[in-house]
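So the structure is just underneath, and the comments pick up after that.
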Amino acid sequence: MTPFDRLTHELSKLPGIGQKSALRLALFILRQGPEYSQALSDSLLELIAKVTFCSHCFHFTDRDPCATCSDPTRDSRMICVVEDSADLMALERTHIYRGRYHVLQGALSPLDGMGPDQIRCHELIERIKKEEIREIILATNPNVTGDATALYLSKLLKPIVPKITRLSSGIPVGGQINYIDPMTLSKALETRREY
Amino acid sequence: MYLKSLSLKNFRNYSRAEVDFHPHFNFIFGKNAQGKTNLLEAVYYLAHLKSFRATHLNQLIGLPGAEGAQLLGKVEDREARHEIRLHLQGTKREVWLNQKKPVLLKDFYGLVKVILFEPWEVYLFRENPSARRRFLDRALFLDDPSTLLLIREYEKIVAQKNRLLKEPLFDEQELWVWNEKQVAIGARLLKRRLEWVLKINELLPAEYGRISQTGEGMKINYVSSFLAPEQHCLTEDEIRICFTKSVQEKNMEEKRWGESLIGPHRDDWRVFLDERPLSVLGSQGENRCGVIALKSAQICLLQKKGEGAPIFLLDDVGSELDATRSAALFSYLKDTPGQVFVTTTEPSKISTAYQNDGASFLVEEGKIRVL
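Chains A and B are the protein sequences, given in the same order. For the first sequence, the residue numbers in numbering that gives the first Met the number 0 are 0 to 194. For the second sequence, the residue numbers in numbering that gives the first Met the number 0 are 0 to 370.
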């Protein structure tokens, strides 16, 4: 295998990258010269050497506990449960939520071999037992596996947490009602609230 | 609503074809294996983005490696005109509606309504239950395209639950979760099916009478895997309560079999003429008329909703209907306002009177020409 083939092969393993895109990326890297390649490979190695998962919330971090878990201004009695780190980062961009997080690193899906032992739910229970938690926000995706996960956690946590909430789903902000599919709209109707 | 024209490129055995259709009757003649059903498949695909016989997209593409397959259909719906363009390549499908990419569930599905009759369907009432469930789900989709989401979600949940039940060891709570989901979505799906059966049963006796020229009353009986017949009028919430109870009762058995045993995915339906079950005691001819009555009742149902008649595709009718019955069918179709496509190997089976009221085509080795 030539060095060029080796790189395309490795790149094509990335999600969303096929053979053609891998080839394009490899050519791009080749054209950038040694400095760029050095920076890229250094950053990859550094990522692997320094970044681990936070022992509290399982978000990736370069120090343990992570920045959100060690931030004293955050409400430590609230935990927002998400499927993966990308969801956490999306919620952080809202700048509204000031509690802590818990990253499950997946959702219940027997078809993909994901059961309660594969998602970080035992760790969540341990955490709740140790810390004094007032509210759990279930922020898993509103699809079949995300809903199942939320239902599972809600049943499991009910005896030990005073308040469990679930992110509501429905009409997107700035959207138009006549453009929304019936399933979403009926969900929005079901979860409507006093105004 | 009717399909005004269709052009195909590299679709099945059509390397290139362009054809204008008649708003009412379209007869497609040709020997076996020339491409008659492929043409119906193209029309069906334009409406559903799904084939009734191919399991993979690439089966629809003629020569592999080429440009992929292209379909272009022009549809007229009263004053409105629509252009549907599809491009199939590899495993990818692209859809344009009037030069724009549509949101499928909102803009696309339901725009062209198609009812298909395939020769094997005369055995529908004697087929295995999964064929009848598929028929029912297709009928629900035709009636209301948004049901598709419900059907898909239910299938996903059952697949997850079955996988879990096959695990040697699992958490009881996790099974509880999938049971809850199954019951919630399953009750909704079952309610939709029962409502549809109720609606179609209002129309079936008259439709069967028109087609068979007899006075027997045809009706569908839905057979639920957990509801008794007298419980079919329950509300969705009440169905959910019954479903939950039955799932609990079946818990041990489901674990033993490693499979979900009750719910809409295990239900069935049967057809009766007066009180006689058609599948066991009905003649072959009665079975055939029954299937066609079922299709025409679906057409009536759409018309009652003010949606206009759908396109009716009849594949190879001649092969399964005798002369009297096909004559009765055509005289019935003559009075039906929708567009009809009929394929047959025997032009003699279709009276010239009808041929004059429509267009006839000859299909030979992937080429179509007007007769």
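For every residue, glycine included, the Cβ atom is placed at its ideal position computed from N, Cα and C.
Status (buried if at least 16 other CB within 10 Å, exposed otherwise) for residue i
i: Lys49 (chain A); result: exposed
i: Cys371 (chain B); result: Since the first residue shown for chain B is 0 and the last is 370, residue 371 (chain B) is missing from the structure and cannot be characterised.
i: Ser108 (chain A); result: buried
i: Asn178 (chain B); result: buried
i: Leu139 (chain B); result: buried
i: Ile176 (chain A); result: exposed
i: Ser282 (chain B); result: exposed
i: Val102 (chain B); result: exposed
i: Lys254 (chain B); result: exposed
i: Lys35 (chain B); result: buried
i: Ser189 (chain A); result: Note that residue 189 (chain A) corresponds to Glu in the displayed sequence, not to Ser. Exposed, because fewer than 16 other Cβ atoms sit within 10 Å of the Cβ of Glu189 (chain A).
i: Ile261 (chain B); result: buried
i: Pro144 (chain B); result: buried
i: Phe329 (chain B); result: buried
i: Tyr178 (chain A); result: exposed
i: Gly105 (chain A); result: buried
i: Asp136 (chain B); result: buried
i: Gln201 (chain A); result: There is simply no residue 201 (chain A) to check, as chain A begins at 0 and stops at 194 in what is shown.
i: Ser223 (chain B); result: buried
i: His21 (chain B); result: buried
Identity of the residue in the options nearest residue i by Cα
i: Asp83 (chain A); options: A:His8, A:Phe59, A:Arg23 and A:Ser42; result: A:Phe59
i: Ile124 (chain A); options: A:Ser42, A:His55, A:Gln18 and A:Pro181; result: A:His55
i: Leu197 (chain B); options: B:Leu188, B:Ala205, B:Ile219 and B:Gly185; result: B:Ile219
i: Ser359 (chain B); options: B:Lys366, B:Pro346 and B:Gly365; result: B:Pro346
i: Val316 (chain B); options: B:Phe28, B:Phe124 and B:Arg269; result: B:Phe28
i: Lys3 (chain B); options: B:Leu202, B:Arg187 and B:Asp76; result: B:Asp76
i: Asp356 (chain B); options: B:Lys333, B:Leu96, B:Glu229 and B:Ile367; result: B:Lys333
i: Trp175 (chain B); options: B:Glu248, B:Leu147 and B:Leu193; result: B:Glu248
i: Tyr331 (chain B); options: B:Gln212, B:Trp268 and B:Glu229; result: B:Gln212
i: Ile136 (chain A); options: A:Thr51, A:Gly15, A:Met77 and A:Asp4; result: A:Met77
i: Leu59 (chain B); options: B:Val369, B:Lys91 and B:Arg151; result: B:Lys91
i: Val127 (chain B); options: B:Phe242, B:Ser318, B:Arg269 and B:Glu319; result: The residue you asked about is not Val; residue 127 (chain B) is Asn in the sequence shown. Ranking B:Phe242, B:Ser318, B:Arg269 and B:Glu319 by Cα distance to Asn127 (chain B) puts B:Arg269 first.
i: Gln354 (chain B); options: B:Val113, B:Tyr1, B:Glu17 and B:Phe24; result: B:Phe24
Proximity test, Cβ basis, 8 Å: residue i and chain A
i: Trp268 (chain B); result: no
i: Asp387 (chain B); result: Outside the shown range of chain B (0 to 370) lies residue 387 (chain B), about which nothing can therefore be said.
i: Lys180 (chain B); result: yes
i: Ser145 (chain B); result: yes
i: Ala186 (chain B); result: no
i: Gln159 (chain B); result: yes
i: Glu66 (chain B); result: no
i: Arg133 (chain B); result: no
i: Arg92 (chain B); result: no
i: Trp195 (chain B); result: no
i: Lys155 (chain B); result: yes
i: Trp175 (chain B); result: yes
i: Arg162 (chain B); result: yes
i: Leu104 (chain B); result: yes
i: Leu148 (chain B); result: yes
8 Å Cβ cutoff, residue i in contact with chain B
i: Gly114 (chain A); result: yes
i: Pro181 (chain A); result: yes
i: Ala38 (chain A); result: no
i: Pro141 (chain A); result: no
i: Ser108 (chain A); result: yes
i: Leu166 (chain A); result: no
Contact check, residue i vs residue j, beta carbons under 8 Å
i: Gly216 (chain B); j: Pro204 (chain B); result: yes
i: Ile199 (chain B); j: Ala46 (chain B); result: no
i: Cys53 (chain A); j: Cys68 (chain A); result: yes
i: Leu189 (chain B); j: Pro263 (chain B); result: yes
i: Phe169 (chain B); j: Ile291 (chain B); result: no
i: Lys154 (chain A); j: Glu134 (chain A); result: no
i: Leu312 (chain B); j: Val42 (chain B); result: yes
i: Leu5 (chain B); j: Gly72 (chain B); result: yes
i: Gln172 (chain B); j: Ile156 (chain B); result: no
i: Ile210 (chain B); j: Cys288 (chain B); result: yes
i: Thr148 (chain A); j: Gly169 (chain A); result: no
i: Leu70 (chain B); j: Leu85 (chain B); result: yes
i: Leu110 (chain A); j: Ala183 (chain B); result: no
i: Thr335 (chain B); j: Ile298 (chain B); result: yes
i: Ala21 (chain A); j: Ser36 (chain A); result: no
i: Lys129 (chain A); j: Ile159 (chain A); result: no
Any non-hydrogen atom of the ligand PLP within 7 Å of residue i CB
i: Pro22 (chain B); result: Questions concerning the ligand PLP fall outside what the structure shown contains, since it holds no ligand whatsoever.
Counting only runs of 4+ residues fully inside the segment 235-295 of chain B, write out the alpha helix (DSSP H) ranges in chain order.
235-248, 250-256 and 277-280
Beta strand (DSSP E) segments (min. 3 residues) lying fully within the segment 34-115 of chain A
74-81 and 98-102
Segments of 4+ residues assigned as alpha helix (DSSP H) that fall wholly inside the segment 75-149 of chain B:
128-142
Which runs of the beta strand (DSSP E) spanning at least 3 residues fall entirely within the segment 163-205 of chain B, listed in chain order?
none
Note down, one range per segment and in chain order, each beta strand (DSSP E) of at least 3 residues found wholly within the segment 302-366 of chain B.
310-313, 339-343 and 357-363
With a floor of 3 residues, list each beta strand (DSSP E) that falls wholly inside the segment 19-81 of chain B, ordered by position along the chain.
24-28 and 68-76
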